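Notes for the one structure printed next.
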Amino acid sequence: MTAIPVTIGRRSLLSPAAGGTAVPAERVGRDVFAAGDAPADAPTGVGAPLVDTHGRVHRDLRISLTDRCSLRCTYCMPEQGNEWLARTSILTLDEIERIARVAAADGITTFRLTGGEPLLRADIVEVVRRLAAITGPTGAPVQIAMTTNGIRLPELLPGLIDAGLHRLNISIDTLQRDRFHELTRRDRLDDVLEGIAAAAASALRPLKLNAVAMRDVNDDELVELVEFAIAHDAQMRFIEQMPLDAGHTWDRSRMVTQDEILAALAERWTLAPVPGRGGAPAARWTLDGGPHSVGVIASVTAPFCGDCDRLRLTADGQLRNCLFSTTEYDVLPILRQAQGPVAGSVAEPVEASVDAGIDGMLRSCVRGKLPGHAINDPSFLQPARGMNAIGG
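Under my numbering, the sequence shown is numbered contiguously, ending at residue 446.
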């Protein structure tokens with residue numbers, strides 16, 4: 055049997071066998087290319103690189119720790135009526151670590167912790183500590199990054215740094231109190247600013263600040279946000295608004311494009327492109343020759359899919375090969391088969407087969423990755439999940 059992708063938003067486990075039994079974990083890793091549509095020389099087995107059918111090597115895994123958040127940003131989730139993930143479906147610390155160890159053996163070099171808001175997870179410091187202890191095939195340690203709204207950073211940052219956190223991205227869409235309250239539906243701007251100040255006072259670099267550029271909302275603050283970032287020794291990154299809101303109300307005409315962002319900044323600074331972007335989502339420009347720079351993530355008007363090296367893991371154990379994918383790959387049943395004996399045996403644990411199952415699901419996910427997200431194609435379908443449930 056071959057692992058079959060599941061429809062997002064519903065938990066359909068692995069492909070059922072003829073009798074309705076879930077596919078044993080030990081078979082997933084072995085039979086992942088059984089459908090015959092992968093390249094003849096496709097690598098298999100723990101330790102082989104994660105290469106898709108378009109030749110992209112995957113090195114970045116974004117791990118969502120929760121779908122819950124302390125803010126209610128209008129472009130992400132509704133203020134009320136959210137259907138939260140069941141706590142029993144949330145990956146445990148041990149399960150996250152296990153997936154991460156297999157992914158690192160397969161060549162993943164960076165783990166980015168996201169949410170929702172990752173700092174809401176009670177064991178966040180231990181998550182960082184466990185993941186930071188993982189090494190890749192060469193013995194080099196992995197890199198641990200985090201995207202956060204910054205609200206709990208003043209209290210948690212010392213422990214996170216001690217645990218091994220390497221980099222931080224902090225979201226800040228506006229510096230105006232009333233506008234912040236309207237955008238996030240929470241009066242927490244001072245808390246976010248305190249978090250940014252704490253990060254700026256730390257040794258974590260590069261420090262990046264993220265803002266979603268929105269027409270008639272914060273597009274008059276672009277220069278001010280960059281100046282704020284410079285004052286905090288941070289790089290400002292603007293993000294084109296994407297169709298990832300839970301209410302599916304995205305309107306292309308309301309999106310501020312990369313060209314518009316650069317035009318606004320060019321009235322204040324001389325911009326020069328920074329070469330060597332690689333698989334990074336943000337293209338960068340120096341400001342007046344440097345050392346400061348600004349980044350733009352233009353997923354809509356200037357897609358960078360051809361260099362994408364990222365996979366995603368949702369808080370409830372779904373692997374995704376694209377932020378905009380309508381397909382997910384459920385790794386949770388593989389992990390939890392380790393809690394009991396193999397069907398048909400008396401007491402033989404399945405621990406030895408679980409890593410192969412995780413590896414197989416990673417490869418199924420990579421093999422199913424499309425050339426691009428097709429936002430600009432008439433056939434594009436917005437993912438059923440909102441951004442908070444997918445992971446930033």
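Glycine included, each C-beta is placed from N, C-alpha and C at the ideal position.
Quantities reported herein were computed from a predicted structural model and do not represent experimental measurements.
- Query: For E149, which residues of its own chain have a beta-carbon under 6 Å away from its beta-carbon, when the five flanking residues on both sides are left out?
  - Reply: Position 95 of the sequence shown, counted from the start, is the residue given in the question as residue 149. Closer than 6 Å at the Cβ level, and outside the excluded window around E149, lie L389.
- Identify every residue that forms a DSSP beta bridge with K262. Looking up residue 262 in the sequence shown gives position 208. Beta-bridge pairing links K262 to N223, Q289.
- Task: Per DSSP, which residues does Q312 bridge with? Please list them.
- Result: Residue 312 sits at position 258 when you count from the first residue of the sequence shown. According to DSSP, Q312 bridges with nothing at all.
- Could you please give the first and the last residue of the uninterrupted alpha helix (DSSP H) stretch that includes P208? Within the sequence shown, numbered from 1, the residue matching residue 208 stands at position 154. Where P208 is concerned, the enclosing alpha helix (DSSP H) stretches over 207–217.
- Item | Identity of the residue in A352, S353, D114 nearest L373 by Cα | The count along the sequence shown starts at 1 and reaches residue 373 at position 319. Residue D114 is the option with its Cα nearest to L373.
- Message: Given this structure, state the Cα-to-Cα distance separating G333 from I117, to the nearest angstrom.
- Response: As a working mapping, residue 333 is identified with position 279 in the sequence shown. As a working mapping, residue 117 is identified with position 63 in the sequence shown. The straight-line gap from Cα to Cα measures roughly 18 Å.
- Rounded straight-line distance, which links the Cα of R152 to that of Q230: Locating residue 230 in the sequence shown gives position 176, where the first residue counts as 1. Locating residue 152 in the sequence shown gives position 98, where the first residue counts as 1. The straight-line gap from Cα to Cα measures roughly 42 Å.
- Please confirm if the region 262–280 is in contact with the region 238–248, defined as three or more CB-CB distances below 8 Å between the two stretches. no
- Item | Contacting residues, own chain, Cβ-Cβ under 7 Å from A94 (five flanking each side not counted) | Reading the sequence shown from its first residue, position 40 is the one you call residue 94. The predicted model places A94 with a pLDDT of 45, which falls under 50 and marks its position as unreliable; any figure quoted below should be read in that light. Excluding sequence neighbours, A94 sits near nothing in its chain.
- Task: Name the two residues that bound the continuous alpha helix (DSSP H) containing A186.
- Result: In the sequence shown, the residue the question calls residue 186 occupies position 132. Run containing A186: 178–186, per the alpha helix (DSSP H) assignment.
- Could you tell me how far apart the beta carbons of L263 and I226 are, in whole angstroms, since I believe they sit closer than 8 Å? Here residue 263 corresponds to residue number 209 of the sequence shown, with the count starting at 1. Here residue 226 corresponds to residue number 172 of the sequence shown, with the count starting at 1. Their Cβ separation, rounded to whole angstroms, is 5 Å, which keeps L263 and I226 in contact under 8 Å.
- Message: Mapping the DSSP letters down to three states, classify V354 as helix, strand or coil.
- Response: Here residue 354 is taken as the residue at index 300 of the sequence shown, counted from 1. Here V354 sits in coil by DSSP.
- Helix or strand or just coil, what does DSSP make of P172? Along the sequence shown, one-based indexing puts residue 172 at 118. Helix at P172.
- When we look at the beta-carbon of T514 and count the other beta-carbons within 10 Å, is it buried (16 or more) or exposed? Because the chain here runs from 55 to 446, residue 514 falls outside it and cannot be looked at.
- When burial is assigned at 16 or more other CB atoms within 10 Å of the CB, is H108 buried or exposed? Locating residue 108 in the sequence shown gives position 54, where the first residue counts as 1. Answer is exposed; the Cβ neighbour count stays below 16.
- Task: Quick one: residues in its chain with C-beta nearer than 7 Å to the C-beta of D91, no 5 flanking neighbours on either side, listed in chain order?
- Result: Here residue 91 corresponds to residue number 37 of the sequence shown, with the count starting at 1. Its pLDDT being 42, under 50, D91 is placed unreliably in this model, and the value from its coordinates should be taken loosely. The answer is none, since no qualifying residue turns up.
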